[in-house]
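The numbering used here numbers the first residue of the sequence shown as 168 and each following residue consecutively.
Here a beta-carbon is modelled for each residue, glycine too, at the ideal position from N, C-alpha and C.
To keep things clear, I will list the structure first and then write my remarks on it.
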Amino acid sequence: MQKLITASAVGLLFALGAGGAMAAPDWSKAPGKKITVFYPGVSPIEWITKGTEHGGAKGLKKGESCAACHDEEAADMGKKMVTGQKIEPKPIKGKAGSIPVTVQAAHDGTNLYLRFSWKQPAGGAEKMDKDNQVKLAVMFEDNKVERANLSGCWET
Numbered sequence: 168m169q170k171l172i173t174a175s176a177v178g179l180l181f182a183l184g185a186g187g188a189m190a191a192p193d194w195s196k197a198p199g200k201k202i203t204v205f206y207p208g209v210s211p212i213e214w215i216t217k218g219t220e221h222g223g224a225k226g227l228k229k230g231e232s233c234a235a236c237h238d239e240e241a242a243d244m245g246k247k248m249v250t251g252q253k254i255e256p257k258p259i260k261g262k263a264g265s266i267p268v269t270v271q272a273a274h275d276g277t278n279l280y281l282r283f284s285w286k287q288p289a290g291g292a293e294k295m296d297k298d299n300q301v302k303l304a305v306m307f308e309d310n311k312v313e314r315a316n317l318s319g320c321w322e323t
């Protein structure tokens with residue numbers, strides 16, 4: 168049986184140094200959105216922007232986001248990359264190509280709480296960091312990095 172991992176990222180916990188005990192959000196009241204995260208391979212932004220290997224350059228120039236085109240195919244993209252079919256010259260044997268994740272958000276007027284839940288994927292890949300096997304990064308786009316609203320982490 169796959170172990171259910173729930174990672175909770177809590178942001179803005181102690182605004183301006185103010186602390187104190189806070190009650191956990193009632194996650195049963197927070198709607199969830201299902202997303203698919205995928206293994207990205209080694210795809211530099213230039214792979215998209217030059218337009219010779221991927222048609223995304225046209226979409227980016229029109230202001231379309233990567234997710235707008237690829238939202239429904241994230242799992243397939245991850246599979247192609249993790250197997251070395253596309254963009255990954257050194258695939259990691261046994262690594263999951265994608266993971267379905269449920270994202271929930273809640274706030275209490277001062278603090279933002281984010282919850283990410285997923286089932287541990289089966290896989291025989293060597294652990295990249297045995298001491299910290301569950302890692303999560305969250306980006307908040309504030310219009311300071313060109314095209315971050317369109318292509319996210321590629322631009323940073």
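Endpoints, alpha helix (DSSP H) assigned at H237: 233-237
- prompt: Touching or not, the stretch 259-275 and the stretch 196-214, by the rule of three or more beta carbon pairs under 8 angstroms?
  reply: yes
Residue environment, A185, which counts as buried when at least 16 other CB atoms sit within 10 Å: Legend: pLDDT at A185 = 43, less than 50; position of this residue unreliable, value from coordinates given subsequently. Result: exposed.
task: Have a look at the DSSP bridge pairing and note the partners of H274.
output: L279
field: Bounding residues of the alpha helix (DSSP H) (the contiguous stretch that carries V204)
entry: Counting along the chain, V204 falls outside any alpha helix (DSSP H), though it belongs to the beta strand (DSSP E) covering 199-205.
query: Is V268 helix, strand or coil by DSSP?
result: strand
field: Bridge partner(s) assigned by DSSP for W321
entry: BP columns for W321 are empty, so no partner.
field: C-alpha distance - D243 paired with A315, whole-angstrom precision
entry: 23 angstroms
field: Three-pair Cβ contact test at 8 angstroms for the stretch 269-287 versus the stretch 214-228
entry: no
- prompt: What three-state label does DSSP hand E240 in the structure shown?
  reply: helix
C-alpha gap between K302 and D296, whole angstroms: 9 angstroms
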